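Data first, discussion second: the structure below is written as structure tokens.
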Amino acid sequence: MAMGRLTRVLVALTRWGLGVCALLAVLVALYVSLGRELVPLVAEYRADVERKAEQALGLPVHVGALEGRWSGLAPVLRVRDLQLGEGATALRLDDVRVVPDLWASLRTREVRLARIQLGGLQLILRENEQGAWHLEGLPKQDDAPLDPAELLQRLGQLGRIDVFDSQVTLHPWQRDPLTLTYVRAGLQAGASRQAVELSATLPDGQPLALNLRSRASAQAWRDGQVDAYLSLPQSDWARWLPPRVLGQWHADVLRAGGEFWVDWREGQLQQAVVRLNAPELQGNYVGRKAATLNNLALGAWFQRRGQGFDVVVDSLAMDIGKTRWESHLQLQQRPGENAADESWKVQADRLNLTPLTPLIDALAPLPDNVMAVVDGLKVTGALRNVRLEARPKAEGDQRLQFEANLEKVGFDAYHSAPAAGNVSGSISGDLGHGELRLDTDAFMLHLYPIFAKPWHYQKANARLTWALDKEGFTLIAPYLKVLGEEGRIAGDFLIRLLFEEGREDYMDLRVGLTEGDGRYTAKYLPEVLSPALDEWLRSAIVKGTVDEGYFQYQGSLNHGAAPEARSISLFFKVRDAALDFQPGWPQVQHVDGDVLIEDSGVRIKAQRGVLLDTKVSDVSVDIPHVEGDQHSRLYLDGDFDGSLGDGLKILKEAPIGTGEIFAGWEGEGPLKGKVKLDIPLAHGERPKVRVDFTTRDARLKVAPPSLELSRLKGDFSFDFDKGLSGKDISLQAFGKPVTAQITAEGQPGQMQTRIDANGQASLKALTDWLQFKQALPASGDLPYQLQLSLGSRENRLSVNSTLKGLAIDLPAPFGKAAADSRDSRFSMNLQGQERRFDAAYTDLARFAYAAPADKLTQGRGELLLGAGDAQPPAGQGLRVRGRLASLDLAPWQEQAARLAGDDPGGSARQNLQSVDLSIGQLKAFGMDLNQAVVRMARGGAAWDLRLDSKEVIGNARVPDAKGAPMVVRMQTLRLPAADPAQAQAEDGPDPLASFDPRKVPALDLNIDKLYRGDDLFGSAAIKLRPTARGVTASDIDLDFKGLRIDGGGGWEGVPGSTSSWYKGRLDGKNLADVLKAWGFAPTVTSRDFRLDVDGRWPGSPAAVGLKRFSGSMDAALRTGQFVEVEGSAQALRVFGLLNFNSIGRRLRLDFSDLFDKGLAYDRVKGLLVASDGVYVTREPITMTGPSSSFELEGTLDMVRDRVDANLQVSLPVTNNLPLAALIVGAPAIGGALFLVDRLIGDRVSRFASVHYRVEGPWKEPRITFVKPFEKSR
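And the structure:
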């Protein structure tokens, strides 16, 4: 029953439910249908909408189109081309869609919107000069404070607002506009939850995004919660950020991007996370130089705790220049029970300080005085385990406490604060006190300005405390222990730096040194010493062992403080030290003594030491303190016992101006004495030096030139103001004893010493000393009086001698015997770049020569013969001039040959530049020349020679180049007249048999006028050239009395086995003139004649002769006459050529016996070939003429005096022939000629030939008739 009632109830409920649903469906359908019919009618209300909007907004509103449509269960209103305002500042929206929330509007009885969609929104935000922003196109509102509750309430009426395809343009003040494109935004505002989504595209095309989620109500908005996320791309934000945003900073490049998460609750930031990456950041604080950071990476988070908050920087890294800087930081803030207990704690694992200074300079907003401190300190190094605790509301020094570990920290000196480097250890303190515990290697400490240079140590341990109060800063090192190269050092100091202007800063410093090295004592010299004294002390102790040392400074640190405001003490006890008491002086080694530096000056006491190899003892050095601009001076007094060599070395090396004087000097032997020095420490002042010493049996070598002095003995004294002096001096020079006296003749600034010595020396020893290697025609010993001047004014050697004991082997008048005396002198300077030599040999010769000290052969000099003074010429080389009464060249040539040796005149020829001699009588080359003037001078690369005399006038040019010909041109050459009694026989000995033709030089000879006595021979020209075997002659051109000789020849072989050859022509015009000129009877005339010769002969050219000749002779005469041969029987007269009385003369061209009447000819010619004096007619000797002809053929043996020849005579045969004369003269021949004439007559020939046979001695041959018309077989 119960089940039935339940069933009925369910059925009833179902029916009612279905009915309600049906009713609701009908009502919804009616609602939708009505809405679809009515909503499009909204377009008719466009004007009303514009009017209502203008009244509500207070600015013109223009609606391009108003549409309505139904979507789902709600209407959708669409406004196209909506414009709010007018002109360029109008706000335009392309498309606006509004969806009302009908049920919420009915429920709340006010207009509520479900969604607003804005498309194509273009907003312009502009900043004014005051930095305020306003949206163009909307009316300006009063700056009333924003009411968040009212804002949340109004947003709740709007529902969801969507913005798409929009653009926002920002116009910062005086900057380029920034346009955000593709802006999309969504705002969902509910009663308790809100959400904002925003995305846009930057001008560089990169996107940014922002998301906000909040839970807040209008009534309790302060208790709301906000979660935010911001994503920024890696763009260069410096281009878009307004300057007002950066304030006093200026950004050139801000290329950065990252992500940010924020959690805000209960009115406080609860959590935050930052991830930032910046490839490049560049900027600066106003008025500073820009700094650049690269590759910045930052990862940090913020977390609020129950008490305070924590900030952790997980990673912070960047590139600062070329340095990668990394660190991890942590910040804790705790409030504490009281306000004064609030604390801020900062921790860092590592802070690299070195690159932070340029960042602070560029970016830190610090005052100028603080920046000056930062720049002055230039902190370097790193901090580890850094802990800072600040209590900003507390009082006293505890407001800031710190502690850290130092790693190679360094900082420069600032004002009077010291500098330090490589500081490793720990530091702790607060604003008023602190402590540094130092334990470091390679430590540097610079107590500026007391010490100019920093101190460097290998190891340092110290404890330093400081205090800072209103009066100043105090730094105390109660214990300081360091290990350096100078030894083990312990010390303490107190430095007090006062802030008040005018009060003096103070330091109390004490340093003790043990087991030290003397080379480093200079580092503890304070800056307050005078520059000269400081320089001397720093260089004085070169090395040594410091058994103990002590330094103390007490007094003012201020610059310009009075000397009495400070006290300085420095003490060293040195052993085996090296003392360099003055630059340039030798060091004193193995010094044992004490060094004490006080306000009164410097004192050094040395018990012993070694200077070079000289022992020094009881040495005291005193450098008194001087006031004002006065210069410090070093006073040294001590004894020495050593060697002469050490003394000379000091004179050569010490900076006392004696180095050049004693350069090259060497010495051996004992030296003992006492020295006193007064040396100014300021540069440029002259020292005072006095040395008294004694030596015995010493050796001294003076140079240059090198002079060996042995067995030196005497007492000497050297005064730097005067020079060297000595007495009782004896020695040996050049192997012989010498006595000497030394006198000091100088004055301050001009030291001068004169040595006077008397002795005797051999010539060889003297020339060796002078480095004169040329052989001299002298030998023996010569006495001398020597004077040697050394010093600032003059360095000169003078030698005077009578030359007694010296033999001079020269031709008169220059030679002398050893027993003869001739006053002579020699002098030379010993300093400077040039050496000057002067010599005089009685009144016969004077010599002056100047040359570079290291190149004596390249000098300039003059040899004067006769009276006058010799002066060196301006140019390089040797000049010879003067006047001689007579000169025989032969003995001088012999002397020169002996002296030259392997260099016959080579060196002299190179040095000799000119010769100008006047000689009354000159004997040379077999000739006597009277009033001869010989001049010789350099002309380029050759010698130019000029000879003027009565006998010879001419020029010669002798080149330097090897093989180049010597050119000789004589205008006049007068040879002695010929002596018939001295005529050379043809077969006599060769006058040049001993001469070597290979030594004949290349020669081009020209003689314009050649005389033999007063007889003018003519001119001559010839070129001689040496060959490997002898000499050749070419371009022979001789014109001797009408006889011209040309061609070439030669002379070859070795002495005793030579031969000569000639190939050329002898020719001329009228032979009669030539014969007459040569002293022969003019028996033959000719229009011209020639003789071609090609042959050779043994011996020299002077040994030419017919008995030695081998070769050919081709002779020809044209158009002439054999004088005084008359009649028609010329054949008989011509035959007379071979008669016994005249054949010899005819071979020598002596035809005087044939020309009694005369015989005319047209041509005479013949070719002879000779072999060792045997001549054979290669072609018959023929003579053709108008009336007869001759033909001679055969052999002529000049060696054996034999002739063997055939002679044919052809005569014209006519009726007019005076045969009677022939018959009378020679009946046989005449008869034969008559018979021929009758038998043959004119039908065959008009000539008749007669044959003869010639035999026997060539001077008296036997001539026999053979027969007419035929030659002998």
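1 is the number of the first residue of the sequence shown in full-length UniProt numbering; add one for each residue after it.
By construction, the Cβ of each residue, glycine as well, lies at the ideal position given by its N, Cα and C atoms.
Just so we're clear, the structure is a prediction, and the values are computed from it rather than from any experiment.
Provide the residue span of the beta strand (DSSP E) that contains residue i, from first to last.
i, result
"N295", "291-304"
"T767", "No beta strand (DSSP E) holds T767; the alpha helix (DSSP H) holding it covers 763-769."
"R726", "The sequence shown places Gly at residue 726, rather than the Arg named in the question. Per DSSP, G726 belongs to the beta strand (DSSP E) from 723-733."
"G861", "860-865"
"G1105", "Note, G1105: premise wrong, no beta strand (DSSP E); not H, not E."
"L1066", "1057-1068"
"L41", "Unbroken run through L41: none, as it is neither H nor E."
Please name the residue in the options whose C-alpha comes closest to that of residue i.
i, options, result
"S620", "D319, E894, A382, L636", "L636"
"Y841", "D781, L863, G299", "L863"
"I808", "L763, A839, I360, M927", "L763"
"D508", "V616, F499, T474", "T474"
"L296", "S327, D375, D310", "S327"
"S1019", "R974, P365, P687, N558", "R974"
"N211", "P203, L198, E37", "L198"
"P75", "G434, V98, D580", "V98"
"V346", "L377, L353, S315, V311", "V311"
"R92", "A978, V616, D165, G381", "D165"
"Q234", "L208, S217, G1173, W221", "L208"
"F826", "P811, R846, A812", "R846"
"I623", "D613, K605, V610, D639", "K605"
"L254", "Q219, W240, W261", "W240"
"N930", "D916, A937, G939, L947", "L947"
"V1031", "Y1062, K408, D1073, K393", "Y1062"
Buried or exposed: where does residue i fall if 16 or more other Cβ atoms within 10 Å of its Cβ makes it buried?
i, result
"Q1208", "buried"
"residue 1274", "One cannot answer for residue 1274 here, as it falls past the ends of the chain, which runs 1 to 1273."
"W943", "buried"
"R5", "exposed"
"V286", "exposed"
"F693", "buried"
"Y479", "exposed"
"D441", "exposed"
"Q774", "exposed"
Residue range of the alpha helix (DSSP H) that residue i falls in?
i, result
"G875", "Note, G875: premise wrong, no alpha helix (DSSP H); not H, not E."
"M371", "368-377"
"V168", "Unbroken run through V168 is the beta strand (DSSP E), 160-171; no alpha helix (DSSP H)."
"A1072", "1071-1077"
"P358", "356-363"
"E653", "644-653"
"P243", "243-246"
Just how far apart, CA to CA, sit residue i and residue j?
i, j, result
"F571", "M318", "53 angstroms"
"G906", "D756", "At G906, the pLDDT of 49 sits below 50, so the modelled position is not reliable; the number obtained from the coordinates is stated separately. Each residue's Cα considered, the two are about 39 angstroms apart."
"G1064", "L1043", "13 angstroms"
"R496", "S569", "20 angstroms"
"F837", "K649", "29 angstroms"
"P47", "G64", "This sequence places Ala at residue 47; Pro is not what is there. Straight-line Cα distance between these residues: approximately 10 angstroms."
"L724", "I679", "19 angstroms"
"E463", "N558", "The sequence shown places Arg at residue 463, rather than the Glu named in the question. Each residue's alpha carbon lies about 26 angstroms from the other."
"L316", "L298", "5 angstroms"
"F493", "I476", "6 angstroms"
"P367", "W249", "15 angstroms"
Measuring only from the beta carbon, is residue i closer than 7 angstroms to any heavy atom that is part of the ligand ZN?
i, result
"S217", "The ligand ZN is not part of this structure, which contains no ligands at all."
In the DSSP assignment, what are the bridge partners of residue i?
i, result
"I124", "T169"
"M970", "G954, I1007"
"H62", "Q83"
"L208", "A200"
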